[in-house]
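Student: Line order of the protein sequences matches chains A and B. Be aware that the first sequence starts at 1, since it is given in my numbering, and climbs by one per residue. Be aware that the second sequence starts at 113, since it is given in my numbering, and climbs by one per residue. Glycine is no exception: its CB is placed at the ideal position from the N, C-alpha and C atoms.
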Amino acid sequence: DSGVTQTPKHLITATGQRVTLRCSPRSGDLSVYWYQQSLDQGLQFLIQYYNGEERAKGNILERFSAQQFPDLHSELNLSSLELGDSALYFCASSFGRQETQYFGPGTRLLVL
Amino acid sequence: AQTVTQSQPEMSVQEAETVTLSCTYDTSESDYYLFWYKQPPSRQMILVIRQEAYKQQNATENRFSVNFQKAAKSFSLKISDSQLGDAAMYFCAYRSAETSGSRLTFGEGTQLTVNP
């Protein structure tokens, strides 16, 4: 157990819908990262937050957004969902920007 | 942009034997970190080992060790005394120590099978 929690574990929804994925970092970790793992794109970095502020953006679609709250948990919002958004979404956390990232169990999203 | 390449999509090893997984990367930076993560069938991403580029000594963690060749931009993982529980997808990952962001860039992965 890495200490990073993600909810829900599984999510099935329809095209055009909006979902919110939640992540709680390890106790004391200030950085949260979101990654997407899909069959065709592999593991891709989406976005990073550090102590509530956005620090880096990767290949994140405009339909996707994220935020980190004062209690340091983070949410990834996916809207206008498409079939191609079906993937495993990981959250990872680290204490600082340069520390090792520990991953949560992931949220499996299936868009039908 | 940095890239990470794992040229072996699949590897197999006999239980108790040794196997080496290959990884190469491309970067113009001099300060960075390299990682191996393991993803078993549960899909959980588990850190196996970490190497700082400024350290010449190769990292080791119990049965896992790396061969870090900075000039060749090579970072292979050696698993000794392979166990059935080592069967998983293994990802090599790069992280810059120079830029403000700390994203991980992953390779495509190597699926390791351990035969009893």
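Using a C-beta to C-beta distance shorter than 7 Å, which residues of chain A count as neighbours of methionine 157 of chain B?
Tutor: For the purposes of this step, residue 157 of chain B is taken as residue 45 along the second sequence, with counting starting at 1. The answer, in chain order, is Phe90, Phe103.
Student: Please list, in chain order, all residues of the same chain as glycine 52 of chain A whose beta carbon is under 7 Å from its beta carbon, the five residues on each side excluded.
Tutor: Position 52 of the first sequence holds residue 52 of chain A. Once the five neighbours on either side are set aside, the close Cβ partners of glycine 52 of chain A are Gln68, Pro70.
Student: Whose C-alpha, out of B/Asn170, B/Tyr149, B/Val178, B/Gln163, is nearest the C-alpha of aspartate 198 of chain B?
Tutor: Here residue 198 of chain B is taken as the residue at index 86 of the second sequence, counted from 1. Minimum Cα distance to aspartate 198 of chain B is reached at B/Tyr149.
Student: Starting from glycine 58 of chain A, find everything on chain B with Cβ-Cβ shorter than 8 Å and list it in chain order.
Tutor: Within the first sequence, residue 58 of chain A is the residue found at index 58, counting from 1. Near glycine 58 of chain A (Cβ distances below 8 Å), the residues of chain B are Arg215.
Student: Say the cut is 7 Å; is the CB of phenylalanine 203 of chain B nearer than that to a heavy atom of the ligand NAD?
Tutor: With respect to the ligand NAD, the structure shown offers nothing to examine, as it has no ligands at all.
Student: Closer than 7 Å by beta-carbon distance: list the chain B residues that pair up with leucine 43 of chain A, in chain order.
Tutor: Within the first sequence, the letter at position 43 stands for residue 43 of chain A. By Cβ distance, chain B contributes Phe203, Phe218.
Student: When burial is assigned at 16 or more other CB atoms within 10 Å of the CB, is aspartate 143 of chain B buried or exposed?
Tutor: Numbered from 1 along the second sequence, position 31 holds the residue referred to as residue 143 of chain B. Counting Cβ neighbours within 10 Å, aspartate 143 of chain B comes out exposed, since fewer than 16 surround it.
Student: Based on DSSP bridge pairs, tell me the residues matched to asparagine 227 of chain B.
Tutor: Looking up residue 227 of chain B in the second sequence gives position 115. Paired residues: B/Gln126.
Student: Leucine 133 of chain B and serine 188 of chain B - do their beta-carbons sit closer together than 8 Å?
Tutor: Numbered from 1 along the second sequence, position 76 holds the residue referred to as residue 188 of chain B. Numbered from 1 along the second sequence, position 21 holds the residue referred to as residue 133 of chain B. Closer than 8 Å, so yes.
Student: In this structure, how does DSSP classify leucine 83 of chain A when only helix, strand and coil are distinguished?
Tutor: Taking the first residue of the first sequence as position 1, residue 83 of chain A is located at position 83. In this structure, leucine 83 of chain A counts as helix in the three-state DSSP scheme.
Student: Leaving aside the five residues before and after threonine 115 of chain B along the sequence, list all residues of the same chain whose C-beta is less than 6 Å from its C-beta, in chain order.
Tutor: Position 3 of the second sequence holds residue 115 of chain B. Result list for threonine 115 of chain B: Asp138, in chain order.
Student: Between leucine 110 of chain A and tyrosine 89 of chain A, how many whole angstroms is the CB-CB distance? I'm expecting something under 8 Å.
Tutor: Here the question's residue 110 of chain A lines up with position 110 in the first sequence. Here the question's residue 89 of chain A lines up with position 89 in the first sequence. 11 Å between Cβ atoms; not a contact.
Student: Mind checking tyrosine 166 of chain B: buried by the 16 CB within 10 Å criterion, or exposed?
Tutor: On the second sequence, position 54 is the one that residue 166 of chain B refers to. By the neighbour-count rule (16 or more Cβ atoms within 10 Å), tyrosine 166 of chain B is not buried but exposed.
Student: At what residue ranges does the segment 41-107 of chain A contain a whole run of the alpha helix (DSSP H), taking only runs of 4 or more?
Tutor: none
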